[in-house]
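Residue numbers (the numbering used here): 94 to 456.
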Amino acid sequence: MSLCLLDYSRSKNIEAVFRKSGKRIIPSVVLPNEEEICSTKSWLSKWSLKKLKLDLPTVVFGPGSVHRKERVESLHKKVSAKYCDIFPSVEMQGMVKHLQIQPKDLDDYIEQMERVLRCYVRRLQWLLSGSRRFFGVILEAKVCILIDTSGSMELSLGLVAKELTSLIWEQLRKKATKFNLIAFAEEVQLWQECLVEATDEMCHEAAQWVSLFQAHGNTSILKALQRALSLENVEALYILTDGKPDTSCNLILKEIEALTKSHAVSIHTISFNCTDRGANDFLKKLAFQTGGRYHRCHGDVDGQLAAHQLLSQGFKDEEDPVFPLFEGDDLKKLVEEIDKARKYLTQAKIFRSLLEKKKSHPP
């Protein structure tokens, strides 16, 4: 963003031009007190900057904000329109626009934006805490969790079992979700033949079954998905794997498309310790194709640290600290909105400084 400031008019009516009958133009936003169990897409449909009417260009640039020049034939050149002398101007994205706002309104904007940013960062911390860090947020009431127990998972299976036990108690039991578990390698193992209520007794049994996981063989993702989709009344699958399946990825996508035509089931995919781009692309496509979400817990420690620094030290620098490049849908969408809010906050502070400087040093 480059900035170029034009002169204020010496007119005594400048203040009147900026004011809108004393009306507060920056809304005092009402933010959620508790974290809602929903996807980031759904959450931002209520709490995005646009929804909260805090989109900075809309706030500071009125409908007549574009800097205009008209040709004056007697001078043989273009000159600025009369009102252009009244408003200070900035150049953004190659276009000169006039700031049609007062410093006090920008103060209000900055205050509200900092409140919103704290809300966003707390949401990010929540997404990176507990079993959500590993598996994401479980949304539906009837789910099946599928865990890759192939040979490549041998060194990590203890950690996965621990995190899955946490998921059972923290998310499934808490929401009284109906659930089932599947372990898949060369063969597919079901914990139960159908979905069961997440009672204390069943959660204890599930945790015991998970503790017996053993890694071996290949990765029969298609078999596991076919079996899970056959469960009566299942609404969504959550599948965790560390690599490519042992079947053609395109074949799996076609088979799943056919299976979900008559009975729509969202498949949420979880990439665990997977650096294979082809495997991750497959998981993204599988989730997108079925209306699910892709999750990857890569970079979560750096994300937690950056979030803590922002909440403890304030939003002083647009670029420090830097969040990791999250790939998972929920984290990626939220960090993109946080980055936009930080950018708007920085620009608002610059605009306020320009307005104050011009008012204190009139031409």
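Ideal placement from N, C-alpha and C gives every residue a C-beta, glycine not left out.
Continuous alpha helix (DSSP H) stretch holding residue i: start and end
i: Thr133; result: 133-140
i: Asp395; result: 393-406
i: Glu128; result: No alpha helix (DSSP H) holds Glu128; DSSP gives it neither H nor E.
i: Pro196; result: 196-220
i: Leu250; result: 250-260
i: Leu64; result: An answer regarding residue 64 cannot be provided, because it is not within the stretch 94 to 456 covered by the chain.
i: Gly223; result: 223-228
i: Arg266; result: Segment: none, Arg266 is in no alpha helix (DSSP H) and carries neither H nor E.
i: Ile118; result: Here Ile118 belongs to no alpha helix (DSSP H), and DSSP marks it neither H nor E.
i: Leu315; result: 314-322
Limits of the unbroken beta strand (DSSP E) element including residue i
i: Gln282; result: 281-283
Cross-strand partners of residue i (DSSP beta bridge)
i: Ala276; result: Ile240, Gln282
i: Val289; result: Phe272
i: Tyr387; result: Thr362
i: Lys235; result: Lys271
Pair within 8 Å by beta-carbon distance, residue i and residue j
i: Glu256; j: Ser304; result: no
i: Thr242; j: Ala308; result: yes
i: Val122; j: Gln218; result: no
i: Asn273; j: Val253; result: no
i: Thr362; j: Gly396; result: no
i: Tyr437; j: Leu124; result: no
i: Arg215; j: Cys390; result: no
i: Gly371; j: Lys425; result: no
i: Tyr213; j: Ile119; result: no
i: Lys333; j: Leu239; result: One detail in the question is off: residue 333 reads as Leu in this sequence, not Lys. Contact: yes.
i: Ala278; j: Ser323; result: no
i: Thr270; j: Ala299; result: no
i: Phe444; j: Val153; result: yes
i: Arg320; j: Cys296; result: no
i: Phe228; j: His388; result: yes
i: Leu210; j: Ala441; result: no
i: Gln264; j: Ile231; result: yes
i: Tyr331; j: Val394; result: no
i: Leu376; j: Leu220; result: no
i: Cys367; j: Glu325; result: no
i: Glu430; j: Leu137; result: yes
i: Leu346; j: Leu379; result: yes
i: Ala399; j: Phe416; result: yes
i: Glu128; j: Phe408; result: no
i: Phe306; j: Leu250; result: yes
CB contact check: residue i to chain C, cutoff 8 Å
i: Gln218; result: No chain C is part of this structure, which consists of one protein chain only.
Presumed contact (8 Å Cβ cut-off) between residue i and residue j, rounded CB distance
i: Thr133; j: Asp422; result: 7 Å
i: Leu448; j: Leu199; result: 7 Å
i: Arg435; j: Glu411; result: 5 Å
i: Ile275; j: Ala317; result: 6 Å
i: Asp335; j: Met246; result: 6 Å
i: Leu315; j: Glu348; result: 6 Å
i: Pro414; j: Leu403; result: 7 Å
Heavy atom of the ligand NAD within 7 Å of residue i beta-carbon
i: Leu324; result: Absence of the ligand NAD is noted for the structure shown, with no ligands found whatsoever.
Ranges of the beta strand (DSSP E) found wholly within the stretch 325-371, counting only runs of at least 3:
Segments of the beta strand (DSSP E) lying fully in the stretch 325-371: 329-334, 359-364.
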